[in-house]
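Structure first, then comments.
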Amino acid sequence: VGALEVRSSSSETIAADVAQIMDSKMDSGYLETGEALDDEYDVLRTLLPEEMIGIMDQVLCHEVKSLGLRRYSRAEYVDCKPGCVAYGSSTFTNPLHLLVH
Amino acid sequence: VSSLNSNIELNEQEEDFTSQLYHRELLPRVTAAEVQSLLDEGLSYIATASISPVLKGAIKTRLLFRRSFLKALEHDTGPLSARTKSSLLCTPLLEGIKDTAHLGTAVNDCFSTKVQRSLASSVPPRPMVTVKLSDALSHFTNLCHDAADVDQILEIETTEDLYTAVWVFMSRMPQPSVYIRALVQSFLSDQETGQVLGKMSSKEFLVSSLAAVVLPSSLLLNSANEMVEAPTDPRFQMARILTEFDGKVCQRYLNIFRNACLNRCRTRRTICHMVLDWDSLQADTEDLDGALRTFTEEQPASFASGQPTFSYPLSSWVYHHKLNHLRAIIQLGFELTIYAPDEFAGVYWYLSYACGTHLSHIDRISFFLQRDMQTQDALSQESRLVGELNSNHRVPFQKTLKNLFRIYTHLKATEALSRALHALHALLLRLQAFKIPPRPYSSNSLRYELRMRPFLSLNVPEPVDFETFQDESSFAGVEDEQVLEEAASRVAEARSFWDEVLEAGWSAQLGDTAEEERPSKRATPEAQKRATTIEGEWSKGVKNVIRACIAASICVATLKKRLNTSGDLKGVQATVPIPGGKDCWHDWWIVPRISEVSS
């Protein structure tokens with residue numbers, strides 16, 4: 043079932059990999075009971091005009107994600123939760139800052 | 066209905082931009098024209114379909130949006146020379162979509178994540194991310210506005226203005242989307258023609274920058290040199306040197322601009338690498354300067370009453386840019402909240418140190434320019450004796466000197482404000498006005514090493530050792546009152562310098578063109594409608610720095626008052642704003658706020 047790649051011979055890694063098989067969050071090949079391998083959506087099915095508008099708007103939303111149209115505000119770079127000091131090397135919450143040379 | 070626009074893969078070579086497609090091609094064999102005709106078919110079908118006019122209108126708006134959006138994207142891939150001003154045709158259509166969004170019903174089963182099982186990937190499946198339609202529409206609206214503003218960058222003529230404009234544009238918050246940044250990057254150096262902004266070759270671009278900073282009217286930059294074929298001719302040799310310089314520097318120079326198009330974290334990280342590269346580049350180009358001297362027969366001169374020395378034009382130009390990198394690293398560090406409040410004093414001290422070094426470097430360049438101008442004066446005197454009249458030789462020199470003066474003013478302003486904030490933060494640190502988080506695994510010297518890592522391995526400016534840094538940044542041996550006095554005088558200085566910067570305007574060309582010819586004055590109605598212009602954003606930025614100056618002077622005044630009334634400053638508490646927050650006037654200038662005075 044699992045399509046996970048086993049990369050290391052270390053027994054711990056294998057154990058960790060095995061634990062991920064059959065977990066729908068980690069294993070892209072996992073199927074729920076009764077779930078088909080392919081989508082059964084008929085692209086030629088008749089649509090109501092309302093559904094057509096809905097789909098067009100949904101596509102628009104997905105495009106924002108997939109075409110990288112999102113603009114990041116600083117709040118997304120830095121976690122500025124009240125009470126959490128976002129400065130310095132010891133407390134920071136964003137791995138991006140760790141990339142600083 | 067959906068037209069997957071494969072056009073968008075344009076120039077996404079930078080790591081930052083690559084959207085993960087797992088070797089899937091997005092409709093590579095479908096041309097935009099085919100999609101357009103399909104959309105037209107849809108439009109004419111809708112026109113005759115027997116459905117309610119409201120729904121008909123909604124579908125029509127969406128199809129029209131797709132059509133003009135696809136057209137706009139197609140337009141971006143075309144050659145720059147054929148580019149016309151992009152219009153904001155899409156924006157009203159987006160409004161129409163927003164108004165009719167309530168008419169639609171979502172059909173969730175036509176979207177699926179199952180495609181992931183057939184991708185060449187070993188990463189766990191990703192869940193579907195849902196974005197609200199209102200958010201999606203505002204992203205598209207921003208995209209259209211940013212795209213329209215890209216044209217302003219294309220209109221820019223000089224390298225110095227381009228540097229300012231690209232930084233201003235990319236410093237927008239929120240930052241322009243990846244697509245826009247990739248687009249600007251592609252214009253900065255065309256993959257096929259190698260042209261910069263579609264109007265000059267990369268070598269011309271480099272040469273114009275050299276002329277603007279170090280070498281006005283130099284024989285070295287004369288393009289006619291390339292026509293000389295005799296290897297014994299100095300002009301032939303100069304062309305050879307320039308070609309070698311171009312080969313070493315050109316791509317690196319363009320990368321400065323291209324790098325600014327990345328996301329802010331990556332921009333800073335890349336500059337940290339770049340600065341080392343430019344350090345060795347400086348050493349290399351010093352050799353070229355030496356080779357050049359054998360042909361220019363330059364005489365040494367004594368600058369700042371030191372040993373007689375040569376002008377080193379090429380490596381001076383490299384050093385100038387390297388010092389720009391140093392400043393960018395520190396200032397982006399503030400923007401990205403890399404430094405903790407108790408580190409501000411030290412970092413602002415280093416910033417003022419870098420500015421000081423840069424100021425004396427600009428001084429040095431100006432000194433040699435003035436000398437060269439006087440040499441030219443003498444030469445033209447001689448030629449006047451033989452009957453030729455030539456008084457134009459001063460023009461290029463004056464232009465470059467003026468440009469250097471702009472840089473000088475900006476550096477002076479930056480230096481003064483960083484000194485002011487250095488004094489202020491050092492004083493507050495001494496008074497323990499900030500809470501310092503416990504750092505069991507850190508020490509001051511380790512933190513110094515971490516913060517200075519990009520600078521410690523440079524040849525010039527010489528790295529500062531930890532002891533000097535600690536003494537300088539903490540005002541060791543200086544009384545509190547004197548530190549406060551220093552802050553007060555530096556703030557006043559900074560205020561007047563930043564006023565000067567604002568007065569001088571964002572572009573060096575503004576001063577040259579007559580008032581009525583300024584681009585902003587002859588703005589088309591469409592441009593007037595635009596909410597943002599590079600000029601407007603630049604002024605807003607400088608005004609925010611001036612606000613930070615005012616805030617700093619208020620802070621100084623509060624401390625002074627306290628000192629006068631109670632005789633000392635013990636018990637003063639301060640907070641620092643977080644960049645991007647409302648109480649932070651400018652991301653690069655963190656002004657403390659005296660929050661409470663407990664006695």
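If you read the protein sequences in the order shown, they are chains A and B.
So that you can map any letter, position 3 of the first sequence is 45 in our numbering, and since no number is skipped, the others follow by simple counting.
So that you can map any letter, position 172 of the second sequence is 237 in our numbering, and since no number is skipped, the others follow by simple counting.
All C-beta atoms in this analysis are idealised placements derived from N, C-alpha and C, irrespective of residue type, glycine included.
| Cα separation between Ser109(B) and Ser115(B)? | For Ser109(B) and Ser115(B), the distance between alpha carbons rounds to 12 Å.
| request: Helix, strand or coil for Thr640(B), going by three-state DSSP, please let me know. | output: Secondary structure at Thr640(B): strand, using DSSP grouped into helix, strand and coil.
| said: Taking the alpha-carbon of Phe409(B) as reference, which of Leu198(B), Pro502(B) and Ala491(B) has the nearest alpha-carbon? | reply: The candidate whose alpha carbon is nearest that of Phe409(B) is Ala491(B).
| Among Thr258(B), Asp530(B), Ser561(B) and Leu401(B), nearest to Leu482(B) - alpha-carbon criterion | Answer by Cα proximity: Ser561(B).
| field | Continuous alpha helix (DSSP H) stretch holding Pro378(B): start and end | value | It spans Pro378 to Glu400 - the alpha helix (DSSP H) in which Pro378(B) sits, taken as one unbroken run.
| request: Going by CA-CA distance only, name the one from Phe399(B), Leu628(B), His167(B) and Glu602(B) that's closest to Val548(B). | output: Of the listed residues, the one whose Cα sits closest to Val548(B) is Leu628(B).
| request: Any chance you could list the alpha helix (DSSP H) runs of at least 4 consecutive residues sitting entirely within the segment 97-141 of chain B, in chain order? | output: Complete alpha helix (DSSP H) runs here, min 4: 97-113.
| request: Return the residue from the list Thr113(B), Gly646(B), Ser177(B) and Thr170(B) that minimises the CA-CA distance to Glu77(A). | output: The candidate whose alpha carbon is nearest that of Glu77(A) is Ser177(B).
| query | Is the distance from the Cβ of Cys620(B) to the Cβ of Leu489(B) below 8 Å? | reply | Yes, the pair counts as a contact, with Cβ atoms nearer than the cut-off.
| said: Could you compute how far the alpha carbon of Ile655(B) sits from the alpha carbon of Tyr473(B)? | reply: Ile655(B) and Tyr473(B): Cα-Cα distance of roughly 23 Å.
| said: Any C-beta of chain A within less than 7 Å: which residues of the segment 167-192 of chain B qualify? | reply: Going along the segment 167-192 of chain B in chain order, one finds Leu168, Gly169, Thr170, Ala171, Val172, Asp174, Cys175, Phe176, Ser177, Lys179, Gln181, Arg182, Ser187, Pro189 and Pro190 with a Cβ nearer than 7 Å to chain A.
| query | Given Ser273(B), which residues of its chain have a CB within under 6 Å of its CB, disregarding the five upstream and five downstream residues? | reply | Excluding sequence neighbours, Ser273(B) sits near Thr224.
| What residue range is occupied by the uninterrupted alpha helix (DSSP H) comprising Lys625(B)? | Element bounds for Lys625(B): Ile599 to Ser631.
| said: Less than 8 Å between CB atoms is the rule here; does Leu86(A) satisfy it with respect to chain B? | reply: Nearest CB-CB separation between Leu86(A) and chain B: not below the 8 Å threshold.
| query | Can you name the residues of chain A whose CB is closer than 9 Å to the CB of Arg127(B)? | reply | At a beta-carbon threshold of 9 Å, the residues of chain A lying near Arg127(B) are Met94, Ile95, Met98, Asp99 and Leu102, ordered along the chain.
| message | Assuming Val215(B) is part of the alpha helix (DSSP H), what are its boundary residues? | response | Run containing Val215(B): Leu198 to Leu219, per the alpha helix (DSSP H) assignment.
| His139(A) versus Cys330(B) - alpha carbon distance | Legend: pLDDT at His139(A) = 27, less than 50; position of this residue unreliable, value from coordinates given subsequently. The straight-line gap from Cα to Cα measures roughly 7 Å.
| query | Thinking just about the alpha-carbon of each residue, which of Ser660(B), Ser631(B) and Ala573(B) is nearest to the one in Ile221(B)? | reply | When each option's Cα is compared against that of Ile221(B), the closest is Ala573(B).
| If you follow the alpha helix (DSSP H) that Tyr506(B) is part of, which residue opens it and which one closes it? | Looking at the DSSP string, Tyr506(B) is not in any alpha helix (DSSP H), and its letter there is neither H nor E.
| field | Selection from Ile659(B), Ala123(B), Met303(B) and Ala366(B) that minimises the alpha carbon distance to Phe432(B) | value | The option with the nearest alpha carbon to Phe432(B) is Ala366(B).
| task | Give the DSSP-derived three-state secondary structure of Ser425(B) in the structure shown. | result | In the structure shown, Ser425(B) sits in a helix (DSSP, three-state: H, G or I).
| task | Compare the C-beta of Ala117(A) with all C-beta atoms of chain B and state if any pair is closer than 8 Å. | result | Residue placement at Ala117(A) is flagged as unreliable, the pLDDT there being 39, under the threshold of 50; the coordinate-derived value follows with that caveat. Yes - at least one Cβ of chain B is within 8 Å of the one on Ala117(A).
| message | Between Leu158(B) and chain A, is any beta-carbon pair separated by less than 8 Å? | response | Under the Cβ criterion of 8 Å, Leu158(B) is not counted among the residues facing chain A.
| Going by alpha carbons, who is nearest to Lys313(B) out of Ala485(B), Arg495(B) and Ser267(B)? | The residue from Ala485(B), Arg495(B) and Ser267(B) with its alpha-carbon nearest to that of Lys313(B) is Ser267(B).
| said: Taking beta-carbon pairs under 7 Å, can you tell me which members of the segment 106-118 of chain B lie near chain A? | reply: When C-beta distances to chain A are compared with 7 Å, the residues of the segment 106-118 of chain B below that value are Ile116, in chain order.
| request: Just the C-alpha distance for Glu480(B) and Ser199(B), rounded to the nearest angstrom, thanks. | output: Here the alpha carbon of Glu480(B) sits roughly 44 Å from the alpha carbon of Ser199(B).
| Is the Cβ of Met68(A) closer than 8 Å to any Cβ of chain B? | Yes, its Cβ sits closer than 8 Å to a Cβ of chain B.
| query | Should Thr332(B) be flagged as near chain A, meaning a C-beta pair shorter than 8 Å? | reply | It does not; no Cβ of chain A falls within 8 Å.
| message | Given this structure, state the Cα-to-Cα distance separating Gln101(B) from His210(B), to the nearest angstrom. | response | Here the alpha carbon of Gln101(B) sits roughly 23 Å from the alpha carbon of His210(B).
| Name the chain C residues whose beta carbon is nearer than 8 Å to that of Thr195(B)? | Absent from the structure is chain C; the protein chains it does hold are A and B.
| request: Inspect the CB distances between the segment 347-360 of chain B and the segment 413-427 of chain B and report whether three or more fall short of 8 Å. | output: The answer is no - the segment 413-427 of chain B does not touch the segment 347-360 of chain B, with fewer than three Cβ pairs under 8 Å.
| query | What does Leu120(B) reach in chain A if we use C-beta pairs closer than 8 Å? | reply | Among the residues of chain A, those whose CB is under 8 Å from the CB of Leu120(B) are Pro91, Glu92 and Ile95, following chain order.
| Can you tell me where the alpha helix (DSSP H) with Lys467(B) in it begins and where it stops? | Segment Arg459 to Arg495, the alpha helix (DSSP H) holding Lys467(B).
| Which of helix, strand or coil does DSSP assign to Ser115(A)? | With a pLDDT of 44 at Ser115(A), under the threshold of 50, the predicted position of this residue should be treated as unreliable, and no value is reported.
| Among Asp226(B), Ile395(B) and Phe368(B), which has the Cα closest to the Cα of Arg471(B)? | Closest option to Arg471(B), Cα to Cα, is Asp226(B).
| said: So that I know if they touch, is there some Cβ in chain A lying closer than 8 Å to that of Leu628(B)? | reply: Leu628(B) does not count as touching chain A.
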